[in-house]
Amino acid sequence: MHKTNYFISLNSRGHYYLFKAVLTVFTLFVTTTLFAQTSIKGVVTDSKTGETLPGVTISVKNTTHGVISDVDGNYELNVGPGKYTITASCLSYSPLEITDIETKKGENTDLNIPMQESLQSLNEVVVMATAQINSEVSLLNSMKKSTGIVSGVSSQQISKNQDRDAAEVIRRIPGISIMDNKFIVARGLSQRYNNVWVNNSATPSSESDTRSFSFDLIPSSQIENIMIVKSPQPELPADFSGGFVKVATKGIPNENSMEITYGTGLNTQTHFKDFKYNPGSPTDFLGFDNGLRSIGSIVPPRLNSDDKETVDAVSRNGFNNNWDIKTKNPLPDQRFSFAMNRRIKKEGGQLWGLTTALNYSNLNRTLTNMRNAQYEVYNDISDQVEPDNDYSDDQYNTNVRVGAMANLSFISNNNNHYEFQNIFNQLGQSRYTLRHGTDYTSGREKRQEREEYLYSSRTTYAGQLTGKHTLPFADKLDWTLGFSYANKNQPDRRMINRTENASTDEDPFNGQMFISQADIERNFIKLNEYTYNAGANYSHDLKINSDITTTLKGGFYGEYKTKDYKTRDFDYLFNENYFPYSFRFGNVVKDILIPENFGAGKLYINESTNNVDSYEGNNKLIATYLAVNIPYKKFNIYAGARFEHDIMTLTNYTSGTGNETKDSEYKTTDIFPSLNISYNLNKDNIVRFAYGMSINRPEFREVSPASYYDFDLFNRITGNPDLKAAYIQNLDLRYEFYPSASELISVSIFYKHFENPIEWSFINTGGGARVFTFENALSAHNLGVEIDVKKQLDFIGLKNLSVVLNGSLISSKVKFDESSIEDERPLQGQSPFLVNAGFFYQNDPMQLTAGLMYNIIGKRIVGIGLKSKSEGSTVNDDIPDMYEMPRNVLDFTVTKRIGKSIEIAASIKDILSQDIFYKQFPKFIDKEGVLHEREQITRQYNPGQNISISAKLNF
Numbered sequence: 001m002h003k004t005n006y007f008i009s010l011n012s013r014g015h016y017y018l019f020k021a022v023l024t025v026f027t028l029f030v031t032t033t034l035f036a037q038t039s040i041k042g043v044v045t046d047s048k049t050g051e052t053l054p055g056v057t058i059s060v061k062n063t064t065h066g067v068i069s070d071v072d073g074n075y076e077l078n079v080g081p082g083k084y085t086i087t088a089s090c091l092s093y094s095p096l097e098i099t100d101i102e103t104k105k106g107e108n109t110d111l112n113i114p115m116q117e118s119l120q121s122l123n124e125v126v127v128m129a130t131a132q133i134n135s136e137v138s139l140l141n142s143m144k145k146s147t148g149i150v151s152g153v154s155s156q157q158i159s160k161n162q163d164r165d166a167a168e169v170i171r172r173i174p175g176i177s178i179m180d181n182k183f184i185v186a187r188g189l190s191q192r193y194n195n196v197w198v199n200n201s202a203t204p205s206s207e208s209d210t211r212s213f214s215f216d217l218i219p220s221s222q223i224e225n226i227m228i229v230k231s232p233q234p235e236l237p238a239d240f241s242g243g244f245v246k247v248a249t250k251g252i253p254n255e256n257s258m259e260i261t262y263g264t265g266l267n268t269q270t271h272f273k274d275f276k277y278n279p280g281s282p283t284d285f286l287g288f289d290n291g292l293r294s295i296g297s298i299v300p301p302r303l304n305s306d307d308k309e310t311v312d313a314v315s316r317n318g319f320n321n322n323w324d325i326k327t328k329n330p331l332p333d334q335r336f337s338f339a340m341n342r343r344i345k346k347e348g349g350q351l352w353g354l355t356t357a358l359n360y361s362n363l364n365r366t367l368t369n370m371r372n373a374q375y376e377v378y379n380d381i382s383d384q385v386e387p388d389n390d391y392s393d394d395q396y397n398t399n400v401r402v403g404a405m406a407n408l409s410f411i412s413n414n415n416n417h418y419e420f421q422n423i424f425n426q427l428g429q430s431r432y433t434l435r436h437g438t439d440y441t442s443g444r445e446k447r448q449e450r451e452e453y454l455y456s457s458r459t460t461y462a463g464q465l466t467g468k469h470t471l472p473f474a475d476k477l478d479w480t481l482g483f484s485y486a487n488k489n490q491p492d493r494r495m496i497n498r499t500e501n502a503s504t505d506e507d508p509f510n511g512q513m514f515i516s517q518a519d520i521e522r523n524f525i526k527l528n529e530y531t532y533n534a535g536a537n538y539s540h541d542l543k544i545n546s547d548i549t550t551t552l553k554g555g556f557y558g559e560y561k562t563k564d565y566k567t568r569d570f571d572y573l574f575n576e577n578y579f580p581y582s583f584r585f586g587n588v589v590k591d592i593l594i595p596e597n598f599g600a601g602k603l604y605i606n607e608s609t610n611n612v613d614s615y616e617g618n619n620k621l622i623a624t625y626l627a628v629n630i631p632y633k634k635f636n637i638y639a640g641a642r643f644e645h646d647i648m649t650l651t652n653y654t655s656g657t658g659n660e661t662k663d664s665e666y667k668t669t670d671i672f673p674s675l676n677i678s679y680n681l682n683k684d685n686i687v688r689f690a691y692g693m694s695i696n697r698p699e700f701r702e703v704s705p706a707s708y709y710d711f712d713l714f715n716r717i718t719g720n721p722d723l724k725a726a727y728i729q730n731l732d733l734r735y736e737f738y739p740s741a742s743e744l745i746s747v748s749i750f751y752k753h754f755e756n757p758i759e760w761s762f763i764n765t766g767g768g769a770r771v772f773t774f775e776n777a778l779s780a781h782n783l784g785v786e787i788d789v790k791k792q793l794d795f796i797g798l799k800n801l802s803v804v805l806n807g808s809l810i811s812s813k814v815k816f817d818e819s820s821i822e823d824e825r826p827l828q829g830q831s832p833f834l835v836n837a838g839f840f841y842q843n844d845p846m847q848l849t850a851g852l853m854y855n856i857i858g859k860r861i862v863g864i865g866l867k868s869k870s871e872g873s874t875v876n877d878d879i880p881d882m883y884e885m886p887r888n889v890l891d892f893t894v895t896k897r898i899g900k901s902i903e904i905a906a907s908i909k910d911i912l913s914q915d916i917f918y919k920q921f922p923k924f925i926d927k928e929g930v931l932h933e934r935e936q937i938t939r940q941y942n943p944g945q946n947i948s949i950s951a952k953l954n955f
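Residue 1 is where the sequence shown starts when you use our numbering, and the numbers rise one by one after that.
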């Protein structure tokens with residue numbers, strides 16, 4: 001049987017030499033850094049009182065290299081030999097620059113820093129600072145001070161990795177992996193168990209089938225940081241268990257600036273090869289269809305097949321009838337971005353900040369010879385696979401992204417801070433798929449050909465108006481008003497199915513490909529989701545005694561969401577008495593779908609829309625919470641409870657053609673307790689414990705009877721109106737060690753227990769047809785260990801090198817009741833292990849950085865199998881689960897600044913370019929009672945290497 005080595009294997013000579021070249025270059029970088037340790041260190045104090053100052057940022061001017069003073073005011077800044085200008089900044093203190101600080105090889109330089117409190121007068125100019133978490137130092141400092149269990153990545157690390165969007169960024173975080181290149185899996189839990197906020201405001205789902213936020217929507221250049229909260233907290237919505245993802249876009253700038261970036265690139269599977277496409281609309285290059293693919297105005301709300309005149313007009317002119325497939329040589333990848341930052345100080349100390357960005361990308365990707373297969377029960381008698389079908393796909397994708405961001409900040413004084421944040425993204429995908437292979441479901445082998453013409457666009461907008469205020473007695477108030485919108489438009493998805501004629505030898509067309517009635521289909525989908533939210537948090541410090549000052553917190557949150565999902569289906573029928581028998585065997589595009597064939601009584605449109613497949617819904621959530629933070633000696637205790645009342649209303653049609661509807665209501669009212677305790681062993685070592693209860697509510701699509709055909713799964717997906725909410729108990733234990741302000745070593749253990757978890761399942765409708773649906777399992781548990789390391793390597797003499805390493809070991813099991821067709825198995829999407837590693841070289845004097853990154857995930861379930869529950873059945877009668885197999889991913893990046901204005905970056909992503917495999921592992925017991933396991937490939941393709949180069953110009 002076929003076996004694959006899932007560790008690094010250089011399976012071609014080209015890969016070998018490329019890998020060797022990358023390692024050689026990286027080794028050259030390493031060898032330039034072998035010199036003795038040099039540092040600048042000292043104590044930061046208040047120049048007037050002499051008190052030491054913690055939390056002061058000390059950095060080398062015009063670099064990203066910096067540290068933060070500890071609780072005793074101490075700092076140590078590791079640098080190479082040379083002459084530097086050192087900057088120090090802290091809220092309420094005047095920024096300080098110290099020039100001409102000289103360091104020598106192997107020697108430490110002492111530098112104590114006295115900070116002056118900012119002065120105020122009648123014509124006061126107030127020195128105001130904003131807390132930005134955009135560097136590794138500030139990110140780790142934020143994690144260290146957090147009351148819960150948090151992981152994250154900063155924009156500084158993003159620039160090192162040269163990740164293109166949030167999906168690529170977030171997989172660098174411990175315990176996180178990505179499915180379908182856009183959906184997050186946190187701690188082995190699929191996207192439905194995770195929640196996403198952008199700028200402290202809810203985001204709408206970008207998919208119609210389930211709750212999920214597509215992280216590929218946000219370009220990495222718009223991100224300041226991504227934080228993932230892994231333990232429930234009272235101020236956060238309770239509807240998460242894996243991770244609560246908080247994406248922060250860039251805020252108030254430190255200085256006026258402007259930058260323009262242009263990049264280009266190649267994919268080894270795509271470029272310099274033929275690329276097939278169906279001509280689109282003139283606006284496709286902007287990520288949306290201009291109406292070319294829309295249903296024509298002459299098409300009535302419901303097409304009546306008995307109205308011959310209308311059927312005739314619609315068949316001829318109701319739709320775009322350009323079915324031609326053309327071939328071209330694709331252009332290299334195109335990427336462009338523009339950013340402008342403005343910082344304006346007004347008299348009286350007011351500060352305005354404006355951060356704007358525009359992004360554009362246009363990429364082509366080809367996947368050829370993609371194997372897609374589906375199997376029946378393994379044949380234990382002949383010890384052979386029993387395929388339902390076995391196809392090979394050629395897929396041609398064009399992806400366009402247009403993004404814009406505009407964030408306006410206003411600080412009236414040190415006590416009041418306002419922000420108006422806006423982020424917009426438009427994504428368009430044009431895809432043509434040619435599928436050919438063999439279908440076995442009829443009891444004999446028959447060749448099949450299928451074509452899919454797919455265009456899909458997604459629009460997202462998120463806007464927030466926020467305020468942060470310091471009130472009398474140092475009370476704090478922050479509030480948010482938010483609005484977000486998501487649209488998915490899939491106009492005119494067209495499919496052509498052709499099957500081999502397997503009649504008799506007397507048939508002159510025996511063995512040729514033909515179409516049957518309704519084998520040419522058109523499908524239109526529109527999804528609109530609107531989310532409105534408002535929230536506020538208030539905190540008050542209460543001094544118990546000279547040693548203990550508690551913080552009381554309270555707040556509310558309200559959210560109103562609407563979702564409107566509409567679908568229409570059409571197919572083509574032909575009059576067998578009008579056309580000769582040979583008609584169905586013609587070339588579909590050149591001989592069948594031509595103007596002279598269209599018309600009532602000839603080749604005509606038939607509407608097959610099932611109204612049940614459309615739905616509307618709204619969701620109302622009202623929440624409030626109370627919490628207390630108690631610092632006591634080395635302990636910090638943060639405890640609270642959150643109340644949530646949620647009402648989801650679903651409106652769907654009661655019949656396929658009628659207009660009658662019914663409303664279904666789903667309510668939950670709960671109190672969610674949480675407890676987060678941290679114990680500071682000393683200033684650099686922290687132990688944390690967390691407990692919290694959370695919930696996972698069904699989504700509109702999951703309780704709707706609507707169904708949808710998935711071309712990749714070969715099956716339909718339908719909802720389950722009887723779904724219930726799942727409840728989760730979460731436990732975490734974590735140890736954190738901070739060797740310095742820019743370094744972290746942490747180890748976490750987590751456990752989760754689920755009641756009524758929502759999982760995918762199968763409905764076997766007979767005749768080889770299967771339908772995916774959702775069901776409540778009985779219970780589930782999830783147990784895992786995470787490790788995270790961010791460490792400079794100067795302690796072994798590698799001065800400019802750092803390492804980032806995180807990994808997870810996760811075990812889960814889902815239990816089903818006896819009525820389910822499912823057996824115990826791991827949670828869908830959960831990998832038993834994940835590893836991310838990166839070596840980074842940073843030479844500030846040379847303005848050079850480089851990185852070598854590695855990623856692998858363990859095999860995980862991506863498709864649910866079918867277990868036989870018949871009396872006397874054994875494992876021999878089961879269809880096994882489908883797994884995505886482990887795959888080694890190696891990336892290399894290098895960035896070089898030239899002066900102060902130019903930056904050149906290059907990268908090779910997926911250097912090893914290993915095949916992506918999806919597999920099943922059928923088992924059977926032979927006559928001697930011996931258990932055997934086999935493997936069968938359900939999907940296999942190679943995405944190719946991505947090679948890119950870009951230039952950035954700063955003003």
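For every residue, glycine included, the Cβ atom is placed at its ideal position computed from N, Cα and C.
Since the structure is predicted, the reported quantities are computational estimates derived from the model, not experimental observations.
Three-state class that DSSP yields for residue i in the structure shown
i: Ser746; result: strand
i: Arg302; result: coil
i: Tyr193; result: helix
i: Asp663; result: strand
i: Ile592; result: helix
i: Phe240; result: coil
i: Ile252; result: coil
i: Asp877; result: helix
i: Arg584; result: helix
i: Ser678; result: strand
i: Ser12; result: The pLDDT assigned to Ser12 is 44, lower than 50, so where the model puts this residue is not dependable, and the model offers no usable value.
Nearest neighbour of residue i, chosen from the options [CA to CA]
i: Trp352; options: Asn416, Trp760, Thr668; result: Asn416
i: Ala968; options: Gln842, Asn321, Pro631; result: The question about residue 968 has no answer here: the residues shown for the chain are numbered 1 through 955.
i: Gly251; options: Ile223, Gln157, Asp571; result: Ile223
i: Thr466; options: Asn341, Leu481, Ser456, Tyr455; result: Leu481
i: Pro673; options: Ala639, Thr649, Asn680; result: Ala639
i: Glu347; options: Thr356, Ile411, Gln374, Val311; result: Ile411
i: Lys273; options: Leu331, Ser873, Val687, Arg401; result: Leu331
i: Lys326; options: Ile728, Tyr432, Ile605; result: Tyr432
Residue i classed as buried or exposed, judged by whether at least 16 other C-beta atoms fall within 10 angstroms
i: Asp507; result: exposed
i: Thr549; result: exposed
i: Gln116; result: exposed
i: Ala474; result: exposed
Contacts around residue i, its chain only, beta-carbon distance under 7 Å, and the 5 residues preceding and following it disregarded
i: Gln914; result: Arg887, Asn888
Beta-carbon contacts of residue i that lie in its chain and below 6 Å, excluding the five residues immediately before and after
i: Lys667; result: Ile647
i: Val247; result: Val198, Ile226
i: Arg498; result: Glu449, Met513, Ile515
i: Ile496; result: Glu451, Ile520, Val588
Evaluate contact between the stretch 919-935 and the stretch 881-901, counting only Cβ atoms and requiring at least three cross-stretch pairs below 8 Å. yes
Between the stretch 138-154 and the stretch 73-84, are three or more C-beta pairs nearer than 8 Å? no
Check whether the stretch 547-567 and the stretch 601-618 touch, using three or more Cβ-Cβ pairs below 8 Å as the test. yes
Are the stretch 581-596 and the stretch 711-731 touching, with three or more C-beta to C-beta distances below 8 Å? no
Touch test, the stretch 98-111 against the stretch 41-59, Cβ-Cβ under 8 Å, three pairs minimum: yes
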